[in-house]
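Inspection log for the structure reproduced underneath, given as structure tokens.
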Amino acid sequence: NAGVTQTPKFRILKIGQSMTLQCTQDMNHNYMYWYRQDPGMGLKLIYYSVGAGITDKGEVPNGYNVSRSTTEDFPLRLELAAPSQTSVYFCASSPEKGISNYGYTFGSGTRLTVV
Amino acid sequence: DQQVKQNSPSLSVQEGRISILNCDYTNSMFDYFLWYKKYPAEGPTFLISISSIKDKNEDGRFTVFLNKSAKHLSLHIVPSQPGDSAVYFCAATGRYGQNFVFGPGTRLSVLP
């Protein structure tokens, strides 16, 4: 039972490079989320999706793009990496939005460093 | 402006004693709260939740208390065990299912 799978686990990017953080869930959850966690800060919502083909901005969307072509996959794209995007990125999913007895299921995270 | 605050970045407790982690919020529209636990190199995992219609919810060694008038909740762990050493996040949402807002976390160390 895989849950939410994120790849890669670690990545170092040079300024201006681009990359895609992959996220896949096998629980048939409609809702998926991308968060970033900076040291000493709570998780900040970047983008979320309420179903295939539907995405929306969260609190900190600048510098990122997402797509949701299938229920399972929710990749996060960084087009022009900047040092401010150095962070740990978490993908999460839930069967419904917000209120849930069990909250979100999170992936194990991607640690990204931009140099 | 942090809507969910955890003012203690870290807490150390002896094994077998009680751990109390605190969380304060500013948005009066929040009425559903969760605690997550996070080990290093892992994603957060759900621990316990409480809705505003209750003031207490208990699950084994974990109890969450909610004081709506003070906009304060706390997580009690009794007795604390070394395996409880982790970062604990408080999260809140409103009754209409808005996205959760997370606090910055408190690192709990349970000393043997």
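For the protein sequence lines, the chains are A and B, in the order given. Under the working numbering, the letters of the first sequence match residues 7 to 121, in that order. Under the working numbering, the letters of the second sequence match residues 264 to 375, in that order. Where a beta carbon is used, it is the ideal one built from N, C-alpha and C, also for glycine. Everything numeric in this text was worked out from a predicted model, so none of it was measured.
Along the stretch 46-78 of chain A, the positions whose C-beta sits under 9 Å from a C-beta of chain B are G46, M47, G48, L49, K50, L51, Y54, G64 and E65, read in chain order. Q23 of chain A has its alpha-carbon roughly 37 Å from the corresponding atom of L371 of chain B.
Residues of the same chain with a CB within less than 7 Å of the CB of F365 of chain B, apart from the 5 flanking positions on each side, are V267, F352 and A354 in chain order. Below 8 Å, enough C-beta pairs join the stretch 336-352 of chain B and the stretch 271-280 of chain B to call them touching: three or more. Chain-order list of chain A residues neighbouring P367 of chain B: G46, M47 and G48, by C-beta distance under 8 Å. Taking the beta carbon of E305 of chain B as reference, the chain A residues within 8 Å of it are S114 and G115, listed in sequence order.
Leaving aside the five residues that flank L284 of chain B on each side, the residues in its chain whose CB is nearer than 6 Å to its CB run, in chain order, L338, Y351 and T369. For Q43 of chain A, the uninterrupted beta strand (DSSP E) run begins and ends at Y37 to Q43, by DSSP. Residue environment: S55 of chain A is assigned as buried (16 or more neighbouring CB atoms within 10 Å of its CB, all protein chains considered). L27 of chain A: member of the beta strand (DSSP E) spanning M25 to Q31, first to last residue. For P375 of chain B, no CB of chain A lies under 8 Å from its own CB, so it is not counted at the interface with that chain. Remark: C-beta atoms of L51 of chain A and Y95 of chain A do not approach each other more closely than 8 Å. In the three-state reduction of the DSSP assignment, G115 of chain A falls in the coil class, being assigned neither a helical nor a strand state.
Taking a contact to require three or more Cβ pairs closer than 8 Å, the stretch 77-91 of chain A and the stretch 327-335 of chain B do not qualify as touching. For Q266 of chain B, no beta strand (DSSP E) run applies, since DSSP gives it neither H nor E. Residue A:G109 holds the alpha-carbon nearest to the alpha-carbon of I311 of chain B among A:T119, A:L118 and A:G109.
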